[in-house]
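In the working numbering, the protein residues as written are 496 to 990. We put the CB at the ideal spot given by N, CA and C, even for glycine.
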């Protein structure tokens with residue numbers, strides 16, 4: 496069983512070519528259903544009923560169409576068809592269909608009865624399961640269906656739905672519907688089984704066009720009871736949703752529940768991104784996001800020295816005022832992908848410094864090129880300024896370069912990101928939390944490869960997620976943009 500998923504916002508149209516006819520699954524804000532083009536016979540001009548429409552070979556709308564059994568005549572079973580449509584716009588509802596009619600079929604021709612009117616009552620008293628964390632909802636009949644949320648999400652399942660008549664309902668393999676959510680850029684890991692299934696190259700989600708690697712349908716998986724499992728998958732923005740119908744499409748109630756699945760906005764007040772965790776430094780007043788499998792620890796200068804320089808006193812309380820002239824270092828936060836083991840894997844350090852003079856200087860790092868860069872807040876012009884102490888100008892007594900700082904690069908929290916080169920491709924990002932408090936992030940160290948270049952550093956993915964805990968400091972971008980920024984960090988660091 497695949498443990499991936501099915502995602503998207505707004506309208507999805509998933510198109511597949513079916514042997515013996517063309518069909519496409521539709522995932523919208525309201526429903527999930529199937530259109531089929533009936534090609535059983537040549538089309539006839541005179542049609543006055545559902546049966547005649549089917550026999551004439553016109554378009555069939557159905558939640559699912561059973562394939563012919565092996566050896567049987569090559570004619571699909573249309574017993575669960577919703578309606579049949581003629582080229583001139585007439586709609587003939589199937590008199591034997593008792594399920595919910597998808598909204599996309601609720602467009603009756605002039606003078607005709609709306610085919611959905613009789614089935615609206617079916618879900619009128621249903622309950623709605625809503626998951627704002629992962630952004631989806633389902634409707635279900637409480638007298639027939641039980642809903643159980645996964646406790647540990649160990650297999651990426653979020654919720655189980657199944658018929659109450661099952662005695663061993665709590666066992667996942669007896670659940671009729673599961674919704675799983677996973678991290679993936681697309682659905683390329685989902686394979687279709689059986690012959691005769693082929694995907695066209697493009698599908699549409701609302702006004703956006705996706706290629707075929709973003710969608711998948713698994714028609715022929717078998718569950719433990721020997722029933723077919725229908726699985727639907729869509730990926731968007733690095734999140735994958737999968738809906739599995741373990742009844743094999745043979746239960747009308749389950750079909751109706753599947754039909755009500757829709758994607759909804761995630762909660763703006765509590766942003767959540769799969770595979771990412773949030774760290775908040777309440778003392779210094781900021782937060783950032785990092786991959787959930789990584790470790791984070793706050794260290795004093797002496798603790799940092801003991802871990803990374805146990806045989807020397809390179810960092811101590813005396814260096815707190817000399818590391819960043821103009822400021823006093825309050826500590827460092829270490830983020831790593833190997834539990835904090837020194838000199839192995841990736842390490843990101845966030846140095847915290849306070850400055851009563853509203854300025855901080857990034858030294859040249861002892862390199863033979865470049866010079867110190869100072870960022871300070873000019874209270875007269877209320878402008879952030881950058882002073883670069885070019886070694887040549889200093890040596891020759893020339894005026895130093897002083898210019899307004901580049902404030903075009905900001906974190907998702909609206910905080911400025913200033914870049915200072917320290918020589919030989921190294922550098923540091925400086926993020927002012929206020930005129931007095933600063934964060935400095937040196938080049939990321941990957942001890943399995945090499946330090947990240949300053950060009951990569953200037954687009955630091957983790958730094959981009961930093962927000963001030965005081966909402967009056969800066970204005971963050973929208974929740975949707977924050978999620979994209981966090982997902983970009985996840986995609987960059989989690990390979």
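Nearest to residue i (by Cα), restricted to the options the options
| i | options | result |
| --- | --- | --- |
| residue 735 | 675, 972, 845 | 675 |
| residue 542 | 577, 584, 576 | 584 |
| residue 959 | 654, 983, 776 | 983 |
| residue 906 | 955, 858, 896, 881 | 955 |
| residue 749 | 813, 655, 830, 799 | 655 |
| residue 961 | 782, 798, 792 | 782 |
| residue 819 | 847, 883, 790 | 847 |
| residue 871 | 821, 832, 841, 842 | 821 |
| residue 626 | 922, 876, 642 | 642 |
| residue 833 | 555, 989, 768, 552 | 989 |
| residue 885 | 623, 912, 917, 826 | 917 |
| residue 967 | 975, 925, 910, 589 | 910 |
| residue 842 | 880, 856, 791 | 791 |
First through last residue of the alpha helix (DSSP H) which encompasses residue i
| i | result |
| --- | --- |
| residue 797 | 796-803 |
| residue 979 | 974-988 |
| residue 747 | 747-754 |
| residue 545 | 545-550 |
Limits of the unbroken beta strand (DSSP E) element including residue i
| i | result |
| --- | --- |
| residue 644 | 640-644 |
| residue 766 | Note, residue 766: premise wrong, no beta strand (DSSP E); not H, not E. |
| residue 622 | 622-626 |
| residue 618 | Where residue 618 is concerned, there is no enclosing beta strand (DSSP E), given that its DSSP letter is neither H nor E. |
| residue 938 | Careful: residue 938 lies outside any beta strand (DSSP E) and carries neither H nor E. |
| residue 899 | 896-899 |
| residue 1010 | Since the first residue of the chain shown is 496 and the last is 990, residue 1010 is not available in this structure. |
Nearest-angstrom Cβ-Cβ length linking residue i and residue j, presumed shorter than 8 Å
| i | j | result |
| --- | --- | --- |
| residue 770 | residue 928 | That pair is no contact at about 27 Å. |
| residue 629 | residue 752 | With a Cβ gap of about 17 Å, residue 629 and residue 752 do not count as contacting. |
| residue 481 | residue 830 | A query on residue 481 cannot be resolved here, the shown segment of the chain reaching from 496 to 990 and no further. |
| residue 811 | residue 794 | Their Cβ separation, rounded to whole angstroms, is 13 Å, which puts residue 811 and residue 794 out of contact at 8 Å. |
| residue 969 | residue 908 | 6 Å |
| residue 850 | residue 933 | 7 Å |
| residue 869 | residue 854 | 6 Å |
| residue 631 | residue 757 | 7 Å |
| residue 915 | residue 902 | About 15 Å separates the two Cβ atoms, so there is no contact after all. |
| residue 545 | residue 582 | Going by Cβ atoms, the distance from residue 545 to residue 582 rounds to 16 Å, so no, they are not a contact pair. |
Environment of residue i [buried if 16+ CB atoms lie within 10 Å]
| i | result |
| --- | --- |
| residue 563 | Caution applies to residue 563, whose pLDDT of 41 falls short of 50 and renders its modelled position unreliable; the value that the coordinates give is listed next. Looking at its Cβ environment, which holds fewer than 16 other Cβ atoms inside 10 Å, residue 563 is exposed. |
| residue 801 | exposed |
| residue 836 | exposed |
| residue 637 | exposed |
| residue 895 | exposed |
| residue 977 | buried |
| residue 985 | buried |
| residue 994 | Residue 994 lies beyond the stretch modelled for the chain, which goes from 496 to 990, so this question has no answer here. |
| residue 866 | buried |
| residue 838 | exposed |
| residue 937 | buried |
| residue 900 | buried |
| residue 568 | Confidence is the limiting factor: at residue 568 the pLDDT is only 44, short of 50, which leaves the residue's position unreliable, though a coordinate-based value still follows. Residue 568 comes out exposed. |
| residue 828 | buried |
| residue 677 | buried |
| residue 897 | exposed |
| residue 788 | exposed |
| residue 963 | buried |
| residue 613 | Residue placement at residue 613 cannot be trusted, given a pLDDT of 39 that sits under 50; the coordinates are not used to answer. |
| residue 805 | exposed |
| residue 973 | exposed |
| residue 619 | exposed |
| residue 714 | With a pLDDT of only 40 at residue 714, under the threshold of 50, the placement of this residue in the model should not be trusted; the figure read from the coordinates follows. Buried, since its Cβ has 16 or more Cβ neighbours within 10 Å. |
| residue 778 | exposed |
| residue 644 | exposed |
| residue 852 | exposed |
| residue 578 | buried |
| residue 878 | exposed |
Residue i - partner residues in DSSP beta bridges
| i | result |
| --- | --- |
| residue 911 | 905 |
| residue 791 | 830 |
| residue 580 | 554, 586 |
| residue 470 | The structure shown does not extend to residue 470, since the chain spans only 496 to 990, so no value can be given for it. |
| residue 677 | 735 |
| residue 778 | DSSP lists no partner for residue 778. |
| residue 873 | 878 |
| residue 849 | 823, 932 |
| residue 771 | 786 |
| residue 856 | 869 |
| residue 843 | 830 |
| residue 654 | 644, 674 |
| residue 493 | No statement about residue 493 is possible, as the shown extent of the chain runs from 496 to 990 and does not include it. |
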